[in-house]
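Each residue of the sequence shown is one higher than the one before, counting from 14 in the numbering used here. Structure record follows, encoded as structure tokens.
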Amino acid sequence: SVPVRMVWYLSEAFGIAAAGLRNFQSGLGKSQGQEQEEGDFEVVTREMACDLIRKDYEQSYFVTGTFMTTGIYKSDCEFADPFVSFKGLKRFKQNVSNLGAFMKKSTLKIASWDEKEDSLKVGWRFRCVLALPWRPAISASGSTEYFFDDESGKICKHVESWNISPADGVRQLFKPSK
């Protein structure tokens, strides 16, 4: 729906502004997220990609915004979730890093792992408390499906599905935790 998409774009803009303020105050001038040191691979084997994805989950990469192995993604990878779809690894990394800075007491658990011929589907559960004055608790379960490029072996599409509607996700943002 249009209102839910507007909230997503506003939260993205808020995250960018907050990251800019944090960077200005700390003098870093860069994102708070960290990348793995593996670098940019020309070709990625399926075994390597799956191993690095599992390690990224152990670091809670998409909840905390830290330690994402970007070298296994194509730079023009498509990222989709129930809110929005866009292309570009740089934008995804920025969004995850910006959001991760607001997450406190976060947990991310792998619930299932299903390797297919051209994809990997990882089921997950997560919970966090956002560092906002009313401390909203966000929780969901869902899955992320990673699709691999035939030539490079890199992830060319990253699709998230959640067990809650986007509207319910937005409602969680405004409900104080107990």
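No residue lacks a Cβ here, since even glycine has one placed at the ideal position from N, Cα and C. In this text, all values refer to a predicted model and were calculated from it rather than measured experimentally.
- As DSSP reads the structure, A93 sits in a beta bridge with S98, V172.
- Counted as a single uninterrupted DSSP element, the alpha helix (DSSP H) harbouring R184 occupies residues 179-187.
- Note that the C-beta distance between F92 and H171 is below 7 Å.
- T157 and N108 have their C-alpha atoms some 16 Å from each other.
- The segment 99-106 makes no contact with the segment 137-145; the number of CB pairs closer than 8 Å stays below 3.
- Residue environment for I151: buried (at least 16 other C-beta atoms within 10 angstroms of its C-beta).
- Contact between F105 and S132 is absent: CB atoms are separated by about 18 Å, not below the 8 Å threshold.
- DSSP links V109 through a beta bridge to no other residue.
- By the criterion of a C-beta distance shorter than 8 Å, S125 is surrounded in its chain by K134, V135, G136, S156, once the five residues flanking it on both sides are discounted.
- In the DSSP annotation of this structure, the continuous segment of the beta strand (DSSP E) that includes A150 starts and ends at 150-161.
- Its chain contains K87, C90, F160, D162 as the residues whose beta carbon lies nearer than 6 Å to that of C169, once the 5 sequence neighbours on both sides are disregarded; these appear in chain order.
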